[in-house]
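Written out below as C-alpha cells is the structure these notes cover.
In the working numbering, the protein residues as written are 93 to 227.
Below you can see the structure in the form of C-alpha cells.
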C-alpha cells in the first residue's frame, strides 16, 4: 500500500514520463484529430480549396485542388516532418495538378509548425497557413 506521499510520487513520475509522449490537445497544440482548410482562394474554374485531415496518430488525408491522397505527420515539439503517400489524380487540368504537387512539396519541406487559435502554420521554404474547421 502507498502512503499519500508515495502515491503523490508515483503520480508525479507517471505524469512526467507518460504525458510528454502523448499528443498535445491544448488550444495551441498540434491539431491531431482535426480537419483544416488551406488559407487560399480557389483555382480558376473551381470552387475547391485543399483540406488536410490529421488523425490522432499523425495519419493524414489530403483532399487537394485536383488530387487526393494520404501521408503521415511526425511531430516533436515545434518540429514537424510530413511524408506524403500516394496521390490519386482526379483528371484535372495540368495547372491544378501542378498546384497540388507544389502544395505537397511545400508540406514535405516544412520543418516547423505553430498554432494560434484556429490557425495552423507550417514553416519551410514556402510557409503554408491552414484554418481549423471548427464548425
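Cβ atoms here follow ideal geometry from the backbone N, Cα and C, with glycine treated the same way.
All of these numbers come straight from a predicted model, not from anything done at the bench.
Host beta strand (DSSP E) of residue i (start-end)
{"i": "residue 193", "result": "No beta strand (DSSP E) contains residue 193, which is instead part of the alpha helix (DSSP H) from 186-201."}
{"i": "residue 218", "result": "Segment: none, residue 218 is in no beta strand (DSSP E) and carries neither H nor E."}
{"i": "residue 205", "result": "204-208"}
{"i": "residue 126", "result": "126-130"}
{"i": "residue 141", "result": "Segment: none, residue 141 is in no beta strand (DSSP E) and carries neither H nor E."}
{"i": "residue 135", "result": "Per DSSP, residue 135 belongs to no beta strand (DSSP E) and is neither H nor E."}
{"i": "residue 176", "result": "171-181"}
{"i": "residue 154", "result": "151-155"}
{"i": "residue 122", "result": "Here residue 122 belongs to no beta strand (DSSP E), and DSSP marks it neither H nor E."}
{"i": "residue 162", "result": "159-168"}
Residue from the options with nearest C-alpha to residue i
{"i": "residue 181", "options": "216, 193 and 130", "result": "193"}
{"i": "residue 215", "options": "179, 140 and 199", "result": "199"}
{"i": "residue 125", "options": "206, 159, 153 and 203", "result": "153"}
{"i": "residue 165", "options": "144, 185 and 179", "result": "144"}
{"i": "residue 138", "options": "185, 213, 220 and 207", "result": "185"}
{"i": "residue 197", "options": "148, 156 and 123", "result": "156"}
{"i": "residue 136", "options": "187, 146 and 168", "result": "187"}
{"i": "residue 122", "options": "133, 159, 170 and 189", "result": "170"}
8 Å contact criterion, which residue i and residue j should meet: CB distance rounded
{"i": "residue 236", "j": "residue 177", "result": "Nothing can be reported for residue 236: it is not among the residues displayed for the chain, which extend from 93 to 227."}
{"i": "residue 142", "j": "residue 195", "result": "6 Å"}
{"i": "residue 172", "j": "residue 205", "result": "4 Å"}
{"i": "residue 207", "j": "residue 120", "result": "5 Å"}
Residues of its chain near residue i, where Cβ-Cβ distance is below 6 Å and the 5 sequence neighbours each way are ignored
{"i": "residue 203", "result": "216"}
{"i": "residue 117", "result": "Bear in mind that the predicted position of residue 117 carries a pLDDT of just 41, short of 50, making it unreliable; the figure below should be weighed with that in mind. Counting only Cβ-Cβ distances below 6 Å, and skipping sequence neighbours, we find nothing."}
Neighbourhood of residue i by C-beta distance below 7 Å, restricted to the same chain and skipping five residues each side
{"i": "residue 223", "result": "128, 129, 131, 210 and 211"}
{"i": "residue 219", "result": "213"}
{"i": "residue 227", "result": "none"}
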